[in-house]
Structures are given as C-alpha cells and as structure tokens.
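One structure is given below, encoded as structure tokens.
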Ligand SMILES: Cc1cc2nc3c(=O)[nH]c(=O)nc-3n(C[C@H](O)[C@H](O)[C@H](O)COP(=O)(O)O)c2cc1C
C-alpha cells in the first residue's frame with residue numbers, strides 16, 4: 177500500500193516511521209540547564225553516525241512548538257550532554273524519566289536513580305546505566321519548528337566493568353549489556369537477546385564461489 181507523505185498529516189507520518197524503523201536504540205540524555213540543574217529524558221530518534229570523528233545524533237522535539245524540549249534547550253545553551261544507554265534492568269526507571277515534568281524537575285531523583293561525575297563534561301552520567309557517552313555539541317540541525325537533530329561528538333565512553341572483555345583491545349561483551357530498543361506504538365520495546373551471526377563476505381571469496389558455480393553450470397550443459 178502506498179502512503180504518500182505529501183497527502184497525510186505529520187502525526188500520521190510519525191506513526192508510519194516509528195512503526196517501521198525498528199528497533200531504535202534509546203539515548204537517555206542527561207543535560208544541565210543554565211543554572212546547573214540536572215535534566216534527564218529518553219530519545220529513540222537516536223543512532224551513531226560516524227566513527228571518525230565519533231558522532232552520535234539525537235532527534236529532539238518541542239513541547240509546544242517552537243518551544244524546544246528541555247534537553248534540546250539545555251544542550252543548545254550549554255554545549256554538553258551525556259548519552260546513557262538503556263538496559264532491561266533500568267527500563268522502568270527510564271520510562272519514569274520520560275514523564276513531561278515541568279522544567280527544573282530532577283527526573284533522575286523521581287526515578288530513584290543516582291549519578292556519577294563525568295570526566296570531560298559537566299553533566300553527570302547515570303550510575304545504573306551500563307554505557308555512558310560524554311558528548312560535546314557539534315551542531316543542531318534545524319528540522320523546522322517541531323524538531324532539531326542534535327549532533328554530538330563523543331569525547332569519552334564509560335562501560336560497566338563486567339561487560340568489558342579486553343580493555344586493551346576495546347572488546348565489549350555486547351549481549352551482556354542487555355540493551356533494549358524501542359519498537360512501534362508508545363509502549364513497545366525489544367530485547368537484544370535474539371541474535372544470529374552472518375559474517376561479511378570478502379570479495380575474493382564471492383568471486384571464487386561465482387567462478388565455481390559458473391563452472392558447474394557449464395559442465396551441466
Ligand atoms: C522510549 C522513549 C523514547 C522517546 N523518544 C523521543 C524522541 O526520539 N524524540 C522526542 O522528542 N521525544 C521522545 N520521547 C519523549 C521524551 O522523552 C519526553 O517528551 C520527555 O519528557 C522530554 O524531556 P525534556 O523536556 O526534559 O527534554 C521518548 C519517550 C520515550 C519513553
């Protein structure tokens with residue numbers, strides 16, 4: 177079925193996107209307002225976009241357009257934020273921090289979470305999160321009155337000790353992190369425990385296999 181985005185309202189375009197672009201990782205963003213008060217909220221319009229430089233992006237909306245959500249306003253004003261990742265263990269706490277509290281309310285306290293200091297940026301990280309990325313704002317791409325894409329350069333990453341296989345080689349035990357992703361609707365999530373392996377195919381191997389099967393075909397004739 178064709179859905180022509182020129183003919184359907186923005187809210188319906190949103191529904192089609194979030195029901196199909198799944199699962200989406202969740203950036204649990206901690207920022208500070210201009211007077212240093214801590215703010216936290218989850219955002220699933222999120223991904224990593226580059227390894228060199230290490231860049232993550234978060235799509236953050238508005239409460240009442242054109243009034244940006246507190247996280248986007250804070251990042252714009254202070255230039256710093258921390259992206260924490262969400263594991264199964266902290267899923268419920270993450271959901272509490274998504275409540276649309278008034279500005280200045282500490283969502284982490286409401287959810288019974290604690291923080292640890294960051295090394296390079298002023299916003300703290302969430303102690304209960306298995307991964308935290310300290311980020312410096314690179315750019316906010318204006319997506320119109322409702323949304324902005326926040327691009328952050330990752331300057332440091334914290335990974336829970338038991339999920340580090342080899343610190344010197346930077347090998348991480350990803351399944352052990354038990355990260356969750358956001359699915360369709362407003363309340364569906366996915367675990368990341370149903371995995372399968374499919375190694376990349378080197379060009380030489382592919383060419384070799386193609387040559388062999390062409391040989392078989394010739395012999396068949
Ligand atoms: C799992 C999850 C993912 C979310 N993803 C987004 C998102 O990508 N963009 C967005 O604007 N809001 C998203 N929200 C809603 C915000 O978390 C919510 O509006 C929050 O109150 C914003 O907080 P702030 O004003 O402190 O920044 C999401 C909520 C949940 C529960």
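Numbering (my numbering), first residue to last: 177 to 397.
By construction, the Cβ of each residue, glycine as well, lies at the ideal position given by its N, Cα and C atoms.
In the displayed model, residue 342 falls within a strand according to three-state DSSP. Going by beta carbons, residue 213 and residue 326 fall outside the 8 Å limit.
When C-beta atoms of the segment 258-270 are compared with those of the segment 350-358, three or more pairs fall below 8 Å, so the two segments count as touching.
Between the C-alpha atoms of residue 329 and residue 386 there is a straight-line separation of about 42 Å. Comparing alpha-carbon positions, the option among 377, 201 and 208 lying closest to residue 224 turns out to be 201. Closest in alpha carbon position to residue 269, among 196, 216 and 348, is 216. Taking non-hydrogen atoms of ligand 1 into account, the C-beta of residue 215 is found less than 7 Å away from one of them. Taking 7 Å as the cut-off, the C-beta of residue 265 does not count as close to any heavy atom of ligand 1. Under the DSSP assignment, residue 367 falls in the beta strand (DSSP E) whose first and last residues are 365-367. With respect to the 8 Å criterion, residue 311 and residue 257 are classified as neighbours on the basis of their beta carbons. For residue 274, the Cβ falls inside the 7 Å cut-off from some heavy atom of ligand 1.
Per the DSSP secondary-structure output, residue 226 pairs in a beta bridge with 231.
Take residue 280, set aside five residues on each side of it, and the residues of its chain with a beta-carbon closer than 6 Å to its own are 213, in chain order. In the three-state scheme derived from DSSP, where H, G and I count as helix and E and B as strand, residue 376 is classed as coil. In chain order, 245, 322 and 323 place their CB closer than 7 Å to the CB of residue 237, counting only its own chain and leaving out the 5 sequence neighbours on each side.
Taking C-beta atoms as the reference points, residue 206 and residue 302 count as a pair closer than 8 Å.
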